[in-house]
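Participant: Numbering (my numbering), first residue to last: 126 to 366. Note that beta-carbon positions come from the ideal geometry of N, C-alpha and C, so glycine has one too. Here it is: the structure, laid out below.
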Amino acid sequence: MNISGKIYSLVGILCLSALVIGATSLYSVNEYSKQMAQYKLVSDRVYLGERLNRLVTAVVMEARGIYAAKDTEAAKKFADGITENLGDMQTVLTTWTPLVDPAQKPVFDTLLARSAEFRTFRMETARLGTEDSPKAANAQGNNDANRSNRKAFQKAIDSMVETDQAHLVEVTAGIEAFKESVFLLVSLITVIGLAAGTGLGVYIARVHLSNPILRITRTIREVADGRFDIEVPFAGRKDEI
Numbered sequence: 126m127n128i129s130g131k132i133y134s135l136v137g138i139l140c141l142s143a144l145v146i147g148a149t150s151l152y153s154v155n156e157y158s159k160q161m162a163q164y165k166l167v168s169d170r171v172y173l174g175e176r177l178n179r180l181v182t183a184v185v186m187e188a189r190g191i192y193a194a195k196d197t198e199a200a201k202k203f204a205d206g207i208t209e210n211l212g213d214m215q216t217v218l219t220t221w222t223p224l225v226d227p228a229q230k231p232v233f234d235t236l237l238a239r240s241a242e243f244r245t246f247r248m249e250t251a252r253l254g255t256e257d258s259p260k261a262a263n264a265q266g267n268n269d270a271n272r273s274n275r276k277a278f279q280k281a282i283d284s285m286v287e288t289d290q291a292h293l294v295e296v297t298a299g300i301e302a303f304k305e306s307v308f309l310l311v312s313l314i315t316v317i318g319l320a321a322g323t324g325l326g327v328y329i330a331r332v333h334l335s336n337p338i339l340r341i342t343r344t345i346r347e348v349a350d351g352r353f354d355i356e357v358p359f360a361g362r363k364d365e366i
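Below, the structure is given as structure tokens:
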């Protein structure tokens, strides 16, 4: 191989290193985007679960306002609050439904059923408070059986949120591990590429360029000094030397 070919080999190694680093970086960006999308999905589920739980509590607080109201007119604003919060609950559930992990689907279906029961029950509380009397609403909603059902409903929500929170921790750990592995991989490829390029460059420069040129220079000087019986170095080489 002539000298230009060796130099092209050096350039090829450096280009190959750059291509490998570029391909690794593109893969990393794509994979990181997927992992961040998964992170957003799980964090959205956690947020929606926590919001649903807060809305359940808000409905309960509005119901207590009805129980304490002096008449149906005074109970109206609390009934409106119940209706509004129940509407927000439905919006949360509609948003949450397509995000649910298939493994959680049976639990979520139970949650939807409990939510429908809760909605029906609390709409009746609001109706009684505004159409009958706060006392009738209190008799319907303020009892141990209802409190037990509501606590079970919120416990089911908490269970799903806790599962998603645990999953979120796993996803976060996976992202951090991926970032570290990519950093190490890119660093390793860079070091190997630079080492190979530098090593080949030094080898070509010293063995195929510098040393031969120095020997030829010495030979020329010896010839100039009148020594014509010396051996011409590198006469058999097929490259530029």
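Alpha carbon to alpha carbon, what distance is there between Y328 and Y133?
Facilitator: 14 Å
Participant: When we look at the beta-carbon of T342 and count the other beta-carbons within 10 Å, is it buried (16 or more) or exposed?
Facilitator: Exposed, since its Cβ has fewer than 16 Cβ neighbours within 10 Å.
Participant: Check whether the Cβ atoms of R244 and L211 lie closer than 8 Å to each other.
Facilitator: Yes; because the gap between Cβ atoms is below 8 Å, this pair is in contact.
Participant: By Cβ distance, which residues of its chain are closer than 6 Å to Q163, with the 5 residues on each side in sequence left out?
Facilitator: V296
Participant: Quick check on I282: buried or exposed, where buried means 16 or more other Cβ atoms within 10 Å of its Cβ?
Facilitator: buried
Participant: Starting from the C-beta of A261, find all residues in its chain whose C-beta is less than 6 Å away, skip the five residues before and the five after it, and write them out in chain order.
Facilitator: Only L253 meet the Cβ criterion.
Participant: Please name the residue in I138, L339, A277, P337 whose C-alpha comes closest to that of V232.
Facilitator: Nearest C-alpha to V232 among I138, L339, A277, P337: A277.
Participant: Looking at V307 and I146, is the spacing between their C-beta atoms short of 8 Å?
Facilitator: no
Participant: Return the Cβ separation of L151 and V217 in integer angstroms, given the expectation that the two are a contact with Cβ distance under 8 Å.
Facilitator: Contact doesn't hold; Cβ gap of about 38 Å is too wide.
Participant: Tell me which same chain residues have a C-beta within less than 8 Å of the C-beta of V181, skipping the five on either side of it?
Facilitator: These residues qualify, in order along the chain: M214, F243, R275, F278, Q279, I282.
Participant: My understanding is that I138 touches L325, with C-beta atoms under 8 Å, so please give their C-beta distance in whole angstroms.
Facilitator: 6 Å
Participant: How would you label N263, buried or exposed, when you count the other beta carbons within 10 angstroms and need 16 or more for buried?
Facilitator: buried
Participant: Just to confirm the assignment, what range does the alpha helix (DSSP H) spanning Q215 have?
Facilitator: For Q215, the enclosing alpha helix (DSSP H) covers residues 197–221.
Participant: Looking only at its own chain, which residues have a Cβ that is under 6 Å from the Cβ of A188, when we skip the five neighbours before and after it?
Facilitator: T250, G266
Participant: For K131, count the other beta carbons within 10 Å of its own beta carbon; 16 or more makes it buried, fewer makes it exposed. Which is it?
Facilitator: K131 should be labelled buried.
Participant: Once you ignore the five residues that flank K202 on each side, which residues in its own chain have a CB closer than 8 Å to its CB?
Facilitator: G190
Participant: Return yes when the Cβ of S240 is within less than 8 Å of the Cβ of T400, no when it is not.
Facilitator: Residue 400 falls outside the range modelled here, since the chain spans only 126 to 366, and no answer is possible.
Participant: Are H292 and V154 touching if we call contact CB-CB under 8 Å?
Facilitator: no
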